[in-house]
Every structure is written in structure tokens, then in C-alpha cells.
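Peer 1: Have a look at this one.
Next comes the structure, spelled out in C-alpha cells:
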């Protein structure tokens with residue numbers, strides 16, 4: 001197989017596998033919170049107090065999802 005054919009086969013197997021789709025749905029829902037925290041951290045005026053608040057809020061959101069066992073409405 002060529003590299004392109006191998007890559008196509010790998011992607012096809014990932015997207016037709018229910019576990020692969022489950023992982024993508026999970027990441028789609030969790031990465032929103034992580035990206036928002038990252039954008040807040042990139043601001044030039046972020047202070048140490050802001051840093052603590054941003055990280056603490058991210059941790060609380062992720063812990064809440066774990067406690068609620070909510071990882072997205074489409075997640076397996």
C-alpha cells in the first residue's frame with residue numbers, strides 16, 4: 001500500500017469504529033472548555049490572580065463533568 005492508501009484505510013477504520021466516534025464526541029465536548037481557558041491565558045494582561053482563577057475554573061468544569069458523568073450527549 002502507498003502511504004496515502006494506508007492513511008485512507010486508517011482514517012476509514014477510525015471513523016467507522018463506534019469507539020473512534022465516541023472518542024471524537026468526547027473530545028469535541030471537553031476541548032471547548034480547554035480552548036476557552038487557553039484563550040484566557042493568552043491575553044497579555046493576565047495576572048497571577050487571573051491565572052489561578054482560569055485554572056481553577058477549568059478544573060472545576062472538568063471535575064463537574066466527571067461527577068455528572070456527562071461527556072457529551074452523543075458520547076457512548
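Residue numbers (my numbering): 1 to 76. Backbone N, C-alpha and C define an ideal beta-carbon position, used for all residues, glycine too. Remember, predicted model here, so these are calculated numbers, not experimental data.
Could you give the residue range of the alpha helix (DSSP H) that holds residue 12?
Peer 2: Element bounds for residue 12: 3 to 16.
Peer 1: Determine whether the beta carbon atoms of residue 67 and residue 54 lie at a separation below 7 Å.
Peer 2: Not a contact, by the Cβ cut-off of 7 Å.
Peer 1: Express the C-alpha separation of residue 16 and residue 108 in angstroms, rounding to a whole number.
Peer 2: Only positions 1 to 76 of the chain appear in this structure, which leaves residue 108 out of reach.
Peer 1: Let me make sure I understand the geometry here. Which of 43, 30, 10 has the alpha-carbon closest to that of residue 60?
Peer 2: Among 43, 30, 10, the Cα nearest to that of residue 60 belongs to 30.
Peer 1: Helix, strand or coil: how does DSSP classify residue 46 here?
Peer 2: Correct three-state label for residue 46: coil.
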